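**Student:** Below is a structure I'd like to ask you about.
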Amino acid sequence: MSEFKIKLVPPDIDVETLRQLPDLFAEVVTDPGKSLRRFEDLLCEKLGVSHALAVNSGTSALHLALLSLGIKAGDEVLCPSFTFAATINAISYVGATPVIIDSEPDTWNMNPEMVEQALKARFKVNKKPRALLLAHTYGMPAKLDEIVKICKAHEIPLIEDAAGSLGAQYKDRYLGTFGDVGIISFNYNKIITTGGGGMLLTNNPHLKDQASYLATQARSSAPYYVHNEVGYNYQMNGLASELGILQMESLDTRIAKKRLIFNNYRKAFSAYETINFQEEMPGFYSNRWLTTILFDWYDTAGSLKNYLEKNAVEARHLWNPMHRQPVFEHFPGYISGQSEKLFKHGLALPSGTGLTEAQQIRIIELVQHFLKTS
Ligand SMILES: *Cc1c(COP(=O)(O)O)cnc(C)c1O
């Protein structure tokens, strides 16, 4: 099935924004750096962080985060099981070993108690993880107080994969700004899209400089080309930056729309005791990038997905945990079964900011009809 009338999280770029791009083209092509710096400054100002680096994807931002912290082959990096593969792929790019941690049931993110448990076990075999890379699932903050405390106590650098969480907050501070390095994605399905792109965030000027140097082919400063290290071509392109700058104006409106979509689903399904949501705890403010529902019963999600797709509505299973993936299953893991439960019981519903009221009513009616007849 490829033709969905209602897609899961399609890009939402208004016509006015697109109309402005051709005028910018000549300028951007001759001086892309200017567009990049403006986009970076805008993110710093909005999120309250001192340095930002615009790159060509969230995944390259993750790769640069690990590289600039000096993480290399043989090192161990703590990471969540319940995330998109990009999080853990980046750890593999530098040849490090992911140590995979299961979720906790409140936010679905990395379980701080299991992080402690994992650390104890790693220390016992004389291994000290070189970093903790967490992800904020579907826009919901992880339990940052607990995790930051653990990282500080053991002097383990923290990296935040806030790829889908632009504008989400924890205790009134934006996600992506808590760790030594944070990253955002502007992939086509994210709340703001540059068609593909990412941003690295940090308050540490040395990390920013190192990331910037590696992102531009690692040129040492000399009157001719000198390369002491392997570099990458990870810079964002100027036109993508301009598209990002134009959309940043509507970030708050987009978050409000995402949250409205979530609240509409929640209200509509409140009568069903068998449906649960990813709830916000006090101090947690999700951007509700994706509305996901959890059923009590195993398999309901799969049959509802088929039913919606027959009706041209796209739905998607939640992440199949990384510790279950053939490519990652041999890595050390501290697993409780929580992320597997989320995978088996959960379903993501259309949550694009362009979703109309009529479309959402249609989806809700389809779900209600399915539940009545199944
Ligand atoms: C989208 C996403 C990424 C990858 O970002 P790209 O820009 O597509 O490379 C990484 N982690 C998470 C959690 C994501 O949702």
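With the first letter of the sequence shown counted as 1, position 77 gets the number 86 in the numbering used here; the numbers rise by one all the way through.
A virtual CB, placed ideally from N, CA and C, is assigned to each residue, including glycine.
Bear in mind the structure is a predicted one, so any value in this text is a computation, not a measurement.
Rounded to whole angstroms, how far is the Cβ of Ala-247 from the Cβ of Ser-69, which I believe are closer than 8 Å?
**Tutor:** Note that residue 247 corresponds to Gly in the displayed sequence, not to Ala. Not confirmed; about 16 Å, so no contact.
**Student:** Helix, strand or coil, according to DSSP, for Arg-182 in the structure here?
**Tutor:** strand
**Student:** Can you tell me whether Met-290 is buried or exposed, with buried defined as 16 or more other CB within 10 angstroms of its CB?
**Tutor:** exposed
**Student:** Does ligand 2 have even one heavy atom less than 7 Å from the beta-carbon of Asp-170?
**Tutor:** For the structure depicted, ligand 2 is absent and the ligand set comprises only ligand 1.
**Student:** Reducing DSSP to helix, strand and coil, say where Leu-260 ends up.
**Tutor:** Residue state for Leu-260 is assigned as helix, using DSSP reduced to three classes.
**Student:** Would you tell me roughly how many angstroms separate the C-alpha atoms of Val-18 and Cys-88, rounded to the nearest one?
**Tutor:** Distance from the CA atom of Val-18 to the CA atom of Cys-88, rounded to whole angstroms, is 25 Å.
**Student:** Ordered along the chain, which non-local residues of its own chain (more than five positions away) have a Cβ less than 6 Å from that of Gly-363?
**Tutor:** Asp-21
**Student:** Which term fits Thr-146, buried or exposed, when burial requires 16 or more other beta carbons within 10 angstroms of its beta carbon?
**Tutor:** Thr-146 sits buried, since 16 or more C-beta atoms from the chains shown fall within 10 Å of its C-beta.
**Student:** For Phe-13, collect the residues of the same chain with a Cβ closer than 8 Å to its Cβ; drop the 5 residues on either side in sequence, then sort them by chain order.
**Tutor:** Glu-318, Ala-321, Val-322 and Glu-323
**Student:** Could you tell me the distance, in whole angstroms, from the CA atom of Pro-123 to the CA atom of Asp-115?
**Tutor:** Here residue 123 turns out to be Met, not Pro, going by the sequence shown. Computed Cα separation, rounded: 14 Å.
**Student:** From the DSSP secondary-structure annotation, give me the bridge partner or partners of Phe-304.
**Tutor:** Ile-284
**Student:** When burial is assigned at 16 or more other CB atoms within 10 Å of the CB, is Leu-38 buried or exposed?
**Tutor:** Note on identity: in this sequence residue 38 is Val, with Leu being the wrong assignment. Classification for Val-38: exposed.
**Student:** Quick check on Pro-166: buried or exposed, where buried means 16 or more other Cβ atoms within 10 Å of its Cβ?
**Tutor:** buried
**Student:** Going by C-alpha distance, which of Phe-91, Tyr-241 and Asn-135 is nearest Asn-120?
**Tutor:** Phe-91
**Student:** Is it true that the segment 206–219 meets the segment 174–190, where meeting means three or more beta-carbon pairs spaced less than 8 Å apart?
**Tutor:** yes
**Student:** Could you pull out every residue in the same chain whose Cβ sits closer than 6 Å to the Cβ of Leu-303, ignoring the five residues on either side in sequence?
**Tutor:** Only Asn-285, His-354 and Gly-355 meet the Cβ criterion.
**Student:** What I want to know is whether the C-beta of Asn-196 ends up closer than 7 Å to one or more non-hydrogen atoms of ligand 1.
**Tutor:** yes
**Student:** Specify the secondary structure class of Ser-383 as computed by DSSP and reduced to three states.
**Tutor:** coil
**Student:** Buried or exposed, going by whether 16 or more other CB atoms sit within 10 Å of the CB of Ile-370?
**Tutor:** Counting Cβ neighbours within 10 Å, Ile-370 comes out exposed, since fewer than 16 surround it.
**Student:** Which residues does DSSP list as the beta-bridge partners of Val-235?
**Tutor:** Within the DSSP bridge table, the entry for Val-235 names Ser-229 as partners.
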